[in-house]
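Enquirer: Sharing a structure here in structure tokens format.
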Amino acid sequence: MSQRLKEEFLELLEKDKEFRYAVAGLVGLEEILKRLDKHEAELVKLREDMLASFKRHDEEIAKLREDMIAGFKRHDEEMAKLREDMLTGFKRHDDEIAKLREDMVAGFKRYDEAIVKLREDMLSGFKRYDEEIAKLREDMNRGFRRVDVSLSQLWTTVGRLTLTVEEEALDVVGYRLRNELAVDIKLERIFVDGGEINLYGAAGDLCVVGEATVRLGVRLIDELEEKIAFLRSRRPDLLRRRIIKVVYADYAPPSAFEEAKRRGVWILKWSGDLTPRKILELE
């Protein structure tokens, strides 16, 4: 465009309002058309990109479907293999359980036979024990009978020996009193309220109370004192103002000697005195 033409065009734009509007309209339409062309190109590019993306997605989905189908197939194969292994395991377990049941039944049968045998042995043992116990009872009864006979013989011997000691005591003590004290006292065994006194006698104001034994102990001295106290409370008529406490014994230990001396008890045997004879005053 020449310079002159440009100047005329600019002058028309300044002075001619309608021309100015027409030019402005043309300029705007061209801009719109340019923009539309640009937008259309962008839409074409966008469509191409979208189609390419859809194609890529379709390819990925197809690949994913193939992988999924392959995975399902692989899973189906694994499930089928697992089912086969499971069925094989169940069959093996069934076989083992059947074998275990057979072994258990055989074991129960063996235990039943053992229990039957044990019961037979137990009954046989009980029978044998019963026979042994019966035999032991017979032997024990025979032994008890022998012991009873021996005890009877022993008590008979002791009774005879005791009777002999009592009779000997009556003779020896009576003889000693007559010869040494010139006192003639009839000595005898008496019973007072069920209690026995081996040696008793009285003459004038003197009485004799005593016991006869094979072996003297301290307890017998206590019993003699208890019998004298019993006579004093129950039968004072048998006692006198003076008393001789005496024990006739074949044997006396030292402890009995000391207790007899302390209580004034005369201990003697046929061969002589073991403690001094004392005549005591009764209070």
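At the far end of the sequence shown sits residue 283, using our numbering, and the numbering has no gaps.
Note that the Cβ used here is the ideal one computed from N, Cα and C, for glycine as well.
Fair warning: this is a prediction, and the values are worked out from it, not measured in the lab.
1. Look up residue 281 in the DSSP assignment and give the residues it is bridged to.
2. Looking at the unbroken beta strand (DSSP E) that takes in residue 208, where does it start and where does it end?
3. Report back the beta-carbon spacing between residue 181 and residue 242 to the nearest angstrom; my notes put them in contact at under 8 Å.
4. So, are the CB atoms of residue 247 and residue 265 less than 8 Å apart?
5. Which residue comes first and which comes last in the beta strand (DSSP E) that contains residue 268?
6. Using 7 Å as the cut-off, classify the Cβ of residue 204 as near or not near the heavy atoms of the ligand GDP, replying yes or no.
7. Among 250, 267 and 236, which residue has its Cα nearest to the Cα of residue 282?
8. Less than 8 Å separating the beta-carbons of residue 227 and residue 209?
9. Quick check: the Cα distance between residue 124 and residue 107, rounded to an integer number of angstroms?
10. Under 6 Å Cβ to Cβ from residue 19, same chain only, skipping five residues before and after it: list those, please.
11. Whose C-beta lies closer than 6 Å to the C-beta of residue 238 among residues of the same chain, with five residues either side of it excluded?
12. Look at the Cβ atom of residue 133, then the Cβ atom of residue 216, and state whether they are nearer than 8 Å.
13. Does the separation of the CB atoms of residue 183 and residue 199 fall below 8 Å?
14. Excluding the five sequence neighbours on either side, which residues of its own chain have a C-beta within less than 6 Å of the C-beta of residue 155, listed in chain order?
15. How many angstroms separate the CA atom of residue 42 from the CA atom of residue 54?
16. Tell me the rounded alpha-carbon separation between residue 153 and residue 146.
17. Tell me which same chain residues have a C-beta within less than 8 Å of the C-beta of residue 173, skipping the five on either side of it?
18. Where residue 97 and residue 82 are concerned, what is the direct C-alpha to C-alpha distance, given to the nearest angstrom?
19. Between residue 252 and the rest of its own chain, which residues show a CB-CB distance below 7 Å, the 5 nearest in sequence each way excluded?
20. State the CB to CB distance for the pair residue 212 and residue 169, rounded to an integer number of angstroms; the pair is presumed to be in contact (CB under 8 Å).
21. With H, G and I counted as helix, E and B as strand and the rest as coil, what does DSSP make of residue 5?
22. Should residue 225 and residue 176 be called a contact, given that it needs their Cβ atoms to be closer than 8 Å?
23. Based on Cα-Cα distance, which residue from 165, 234 and 179 lies nearest to residue 194?
Expert: Working from what's here:
1. Stepping through the sequence shown from its first residue, residue 281 is reached at position 281. Beta-bridge pairing links residue 281 to 242.
2. Position 208 of the sequence shown, counted from the start, is the residue given in the question as residue 208. Segment 206-215, the beta strand (DSSP E) holding residue 208.
3. Here residue 181 refers to the residue found at position 181 when the sequence shown is read from its first residue. Here residue 242 refers to the residue found at position 242 when the sequence shown is read from its first residue. In fact, because the Cβ distance is near 11 Å, the residues do not count as touching under 8 Å.
4. Taking the first residue of the sequence shown as position 1, residue 247 is located at position 247. Taking the first residue of the sequence shown as position 1, residue 265 is located at position 265. A contact, by the Cβ cut-off of 8 Å.
5. Locating residue 268 in the sequence shown gives position 268, counting from the first residue. Start and end: 265-269.
6. Ligands displayed in this structure: none; no statement on the ligand GDP is therefore possible.
7. The count along the sequence shown starts at 1 and reaches residue 282 at position 282. Comparing Cα positions, the closest option is 236.
8. For the purposes of this step, residue 227 is taken as residue 227 along the sequence shown, with counting starting at 1. For the purposes of this step, residue 209 is taken as residue 209 along the sequence shown, with counting starting at 1. It is a contact, given that the beta carbons lie within the stated cut-off.
9. Residue numbering aside, residue 124 sits at position 124 when the sequence shown is read from its first letter. Residue numbering aside, residue 107 sits at position 107 when the sequence shown is read from its first letter. In a straight line, the C-alpha of residue 124 is about 25 Å away from that of residue 107.
10. Mapped onto the sequence shown, residue 19 falls at position 19. Closer than 6 Å at Cβ, skipping near neighbours: 12.
11. Here residue 238 refers to the residue found at position 238 when the sequence shown is read from its first residue. Cβ neighbours of residue 238 beyond the five flanking positions: 231.
12. Counted from its first residue, the sequence shown places residue 133 at position 133. Counted from its first residue, the sequence shown places residue 216 at position 216. Their beta carbons are not under 8 Å apart, which means residue 133 does not touch residue 216 by this criterion.
13. One-based indexing of the sequence shown puts residue 183 at position 183. One-based indexing of the sequence shown puts residue 199 at position 199. No.
14. Locating residue 155 in the sequence shown gives position 155, where the first residue counts as 1. Since pLDDT at residue 155 reaches only 46, below the 50 mark, its modelled position is unreliable, and no value is offered.
15. Counted from its first residue, the sequence shown places residue 42 at position 42. Counted from its first residue, the sequence shown places residue 54 at position 54. Near 18 Å, if we compare the C-alpha coordinates of residue 54 and residue 42.
16. Residue 153 sits at position 153 when you count from the first residue of the sequence shown. Residue 146 sits at position 146 when you count from the first residue of the sequence shown. In this predicted model, residue 153 has a pLDDT of only 47, less than 50, meaning its place in the structure is not dependable enough to derive any value.
17. Along the sequence shown, one-based indexing puts residue 173 at 173. Excluding positions up to five away in sequence, the list reads 187, 199, 208, 210, 246, 248 and 268.
18. Within the sequence shown, numbered from 1, the residue matching residue 97 stands at position 97. Within the sequence shown, numbered from 1, the residue matching residue 82 stands at position 82. C-alpha separation (whole angstroms): 22 Å.
19. What you label residue 252 is simply residue 252 of the sequence shown in a count that begins at 1. Contacts found: 216, 267 and 274.
20. Working through the sequence shown from its first residue, we reach residue 212 at position 212. Working through the sequence shown from its first residue, we reach residue 169 at position 169. At roughly 4 Å, the Cβ-Cβ gap stays under 8 Å, so residue 212 and residue 169 are in contact.
21. As a working note, residue 5 is residue 5 in the sequence shown. DSSP places residue 5 in helix when its eight states are reduced to three.
22. Position 225 of the sequence shown holds residue 225. Position 176 of the sequence shown holds residue 176. No. Outside cutoff.
23. Residue mapping note: residue 194 aligns to position 194 of the sequence shown, counting from 1. If we check each option's Cα against that of residue 194, 234 comes out closest.
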